[in-house]
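Visitor: Per this note's numbering, the sequence shown starts with residue 1, numbered consecutively.
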Amino acid sequence: MSKFISDRFRSNSPYVPGEQPKDTAYVKLNTNESPFPPSAFAMKLAREAVGNCELYPDPEYTSLVSVAAEKFNVKEENLLFTNGSDEALNYVFAAYCSEGGTAVFADITYGFYEVFANLYGAEKKIIPLREDFSLNAKDYASACGTVIIANPNAPTGKVLSPEEVLDIVKSNKNNVVVVDEAYIDFGGQSVLPYIDDFDNLIVVRTFSKSRSLAGARVGFAAANESLINDLKAVKYSTNPYNLSRMSAAAAIGALLDEDYFNGNCKKIISNREYMTEKLRGAGFTVLDSSANFVFAKYNGVKGKDLYEALKKKGVLVRHFEKPRISDFIRITVGSMEDTVALVKAATEAVKEI
Numbered sequence: 001m002s003k004f005i006s007d008r009f010r011s012n013s014p015y016v017p018g019e020q021p022k023d024t025a026y027v028k029l030n031t032n033e034s035p036f037p038p039s040a041f042a043m044k045l046a047r048e049a050v051g052n053c054e055l056y057p058d059p060e061y062t063s064l065v066s067v068a069a070e071k072f073n074v075k076e077e078n079l080l081f082t083n084g085s086d087e088a089l090n091y092v093f094a095a096y097c098s099e100g101g102t103a104v105f106a107d108i109t110y111g112f113y114e115v116f117a118n119l120y121g122a123e124k125k126i127i128p129l130r131e132d133f134s135l136n137a138k139d140y141a142s143a144c145g146t147v148i149i150a151n152p153n154a155p156t157g158k159v160l161s162p163e164e165v166l167d168i169v170k171s172n173k174n175n176v177v178v179v180d181e182a183y184i185d186f187g188g189q190s191v192l193p194y195i196d197d198f199d200n201l202i203v204v205r206t207f208s209k210s211r212s213l214a215g216a217r218v219g220f221a222a223a224n225e226s227l228i229n230d231l232k233a234v235k236y237s238t239n240p241y242n243l244s245r246m247s248a249a250a251a252i253g254a255l256l257d258e259d260y261f262n263g264n265c266k267k268i269i270s271n272r273e274y275m276t277e278k279l280r281g282a283g284f285t286v287l288d289s290s291a292n293f294v295f296a297k298y299n300g301v302k303g304k305d306l307y308e309a310l311k312k313k314g315v316l317v318r319h320f321e322k323p324r325i326s327d328f329i330r331i332t333v334g335s336m337e338d339t340v341a342l343v344k345a346a347t348e349a350v351k352e353i
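(1) Assuming the contact rule is C-beta atoms closer than 8 Å, F81 and F220 should be a hit. Round their C-beta distance to whole Å, please.
(2) As an exercise, report each continuous alpha helix (DSSP H) stretch of at least 4 residues that is fully enclosed by the region 208-282, in chain order.
(3) With F93 and A122 assumed to form a contact (beta carbons below 8 Å), what rounded beta-carbon distance in angstroms separates them?
(4) Determine the closest residue to K322 out of T109, S335 and A143, with distance taken between C-alpha atoms.
(5) So, at 7 Å on beta carbons, what are the nonlocal neighbours of P59 in its own chain, with the 5 sequence-adjacent residues on each side left out?
(6) Rounded C-beta distance between F293 and I331? I'm assuming under 8 Å.
(7) In angstroms, rounded to a whole number, what distance separates the CA positions of Y56 and D167?
(8) Provide the residue span of the beta strand (DSSP E) that contains F81, from first to last.
(9) Taking the alpha carbon of S6 as the reference point, which residue from P37, L29 and L119 has its own alpha carbon closest?
(10) Going by DSSP, what residues sit across from L201 in a beta bridge?
(11) For A42, I'd like the list of residues in its chain whose CB is within less than 6 Å of its CB, leaving aside the five on either flank, ordered along the chain.
(12) So M275 packs on V333, CB below 8 Å; how close in whole Å?
(13) What are the residues that DSSP puts in a beta bridge with E123?
(14) Since V169 is in the alpha helix (DSSP H), which residue starts that stretch and which ends it?
(15) Using 8 Å as the threshold, is the C-beta distance between K124 and A143 below it?
(16) Identify the residues that DSSP records as bridge partners of V333: which are they?
(17) Between the alpha carbons of A69 and V218, how many angstroms are there, rounded?
(18) If you reduce the DSSP assignment to three classes, tell me which class A117 lands in.
(19) Can you tell me which of K266, F320 and L192 puts its alpha carbon nearest to the alpha carbon of N151?
(20) Along the chain, where does the beta strand (DSSP E) that runs through K297 open and close?
(21) Apply the 10 Å Cβ neighbour rule to C53 and answer buried if 16 or more other Cβ atoms are within range, or exposed otherwise.
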């Protein structure tokens, strides 16, 4: 870093993205991307949008908002589209956690929550998950800060019921509750239908996982109009044209191609169950997952050693250094071909370590 950078960035530990290797062709199961390409219709609309790239996009993304509002059965004023769901989370922390605010989240969850809290100078109230890595909704009652939960959680894959999530919302009437539903299409029930019932609920979603648009960077926040206006105040103070024309068009196509979306979700869920069964049969401990990944360990084998052994075999997974989960690896659910390769490599690796 140079001597000119502000103390805020100098002292912050940035989020570390999953590896995007260029040295060899891996079975890439480390960043929870979809194994399936975008739908043909989404790609068609994106290609058509290229022809107008000399013009800025509509900053309100009116066409996309209209399609999404009908799809999710909400009002258009309930939606704000963002450059990936990370931008929506960034807006949340800027709006509600900066200048002495408090962010409340789990000790084992999406790493960007802590990064954003540090970036905006928020106080952090970190609540440990239970011994089995489940989240206890009662721990978040009257939390005295902005609550952020991932449901299903990452990297554990565990999910709360809508009733449990709404209990958190109801018990925090004076705080905003943010539910990050990046993986909800693979298991569990969304609380998006309840956004107009509560003036403190924000739901954040992404097109990166189930809709195969990780490279297009499309996400959104859903909430009542007053909360959306809060987030728009941040957007229009930072990045008004936050989606490209191509990304917005691809998102419309992804929403309209419902059969393709449903088919891919079913395949991933089926492959997840197959992976879980085979790994457990080979002696692994695998947490029940409602996401497009599984969290697994093999007793007596360090997670880092297993990660490195799999990488040598051409299979890339994710390992985290946090002490509570350092024995685990997170494995994205890929195609059936990827899944079979992973199971074979993992079974061999634990015998060789």
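Positions of the beta carbon are idealized from the N, C-alpha and C atoms, including for glycine.
Guide: Let me spell this out:
(1) Here residue 81 is taken as the residue at index 81 of the sequence shown, counted from 1. Here residue 220 is taken as the residue at index 220 of the sequence shown, counted from 1. Indeed they touch by this definition, with Cβ atoms about 5 Å apart.
(2) Complete alpha helix (DSSP H) runs here, min 4: 225-238, 245-256 and 258-281.
(3) As a working mapping, residue 93 is identified with position 93 in the sequence shown. As a working mapping, residue 122 is identified with position 122 in the sequence shown. A Cβ-Cβ distance of about 7 Å is found for the pair F93 and A122, placing them in contact under the 8 Å criterion.
(4) If you number the sequence shown from 1, residue 322 lands on position 322. Of the residues T109, S335 and A143, the one whose Cα lies closest to the Cα of K322 is T109.
(5) Residue mapping note: residue 59 aligns to position 59 of the sequence shown, counting from 1. Short of 7 Å from the beta carbon of P59, and not among the five residues preceding or following it, lie these beta carbons of its own chain, in chain order: P240 and Y241.
(6) Sequence index remark: in the sequence shown, residue 293 carries index 293 (1-based). Sequence index remark: in the sequence shown, residue 331 carries index 331 (1-based). Yes, they are in contact, since the Cβ atoms of F293 and I331 sit about 6 Å apart, within 8 Å.
(7) Position 56 of the sequence shown holds residue 56. Position 167 of the sequence shown holds residue 167. Taking the Cα positions, Y56 is about 42 Å away from D167.
(8) Translated into the one-based positions of the sequence shown, residue 81 becomes position 81. Residue range L79 to T82 is occupied by the beta strand (DSSP E) that includes F81.
(9) On the sequence shown, residue 6 is found 6 positions in, with the first residue counted as 1. Of P37, L29 and L119, the residue nearest in Cα terms is L119.
(10) Your numbering for residue 201 matches position 201 in the sequence shown. L201 is bridged to V177.
(11) In the sequence shown, counting from the first residue as 1, residue 42 sits at position 42. Cβ contact annotation for A42 (same chain, cutoff 6 Å, sequence separation greater than five): A250, G253 and A254, in chain order.
(12) For the purposes of this step, residue 275 is identified with residue 275 of the sequence shown, where counting begins at 1. For the purposes of this step, residue 333 is identified with residue 333 of the sequence shown, where counting begins at 1. The beta-carbon distance between M275 and V333, rounded to whole angstroms, is 6 Å. This is short enough to meet the 8 Å contact definition.
(13) Counting from one through the sequence shown, the residue named residue 123 turns up at place 123. In the DSSP output, where bridge partners are listed per residue, E123 has T102.
(14) Residue numbering aside, residue 169 sits at position 169 when the sequence shown is read from its first letter. Counting along the chain, the alpha helix (DSSP H) containing V169 begins and ends at P162 to K170.
(15) Start at 1 with the first residue of the sequence shown, and residue 124 comes out as number 124. Start at 1 with the first residue of the sequence shown, and residue 143 comes out as number 143. Their beta carbons are not under 8 Å apart, which means K124 does not touch A143 by this criterion.
(16) For the purposes of this step, residue 333 is taken as the residue at position 333 of the sequence shown. Per DSSP, V333 has no beta-bridge partner at all.
(17) Taking the first residue of the sequence shown as 1, we reach residue 69 at position 69. Taking the first residue of the sequence shown as 1, we reach residue 218 at position 218. When rounded, the distance between both Cα atoms is 15 Å.
(18) As a first step, residue 117 must be located in the sequence shown, where it is residue number 117. The answer is helix: DSSP assigns A117 an H, G or I state.
(19) Walking along the sequence shown from the start, residue 151 turns up at place 151. Cα-wise, what sits closest to N151 is L192.
(20) The count along the sequence shown starts at 1 and reaches residue 297 at position 297. First-last of the beta strand (DSSP E) with K297: F293 to K297.
(21) Residue mapping note: residue 53 aligns to position 53 of the sequence shown, counting from 1. Label assigned to C53: exposed.
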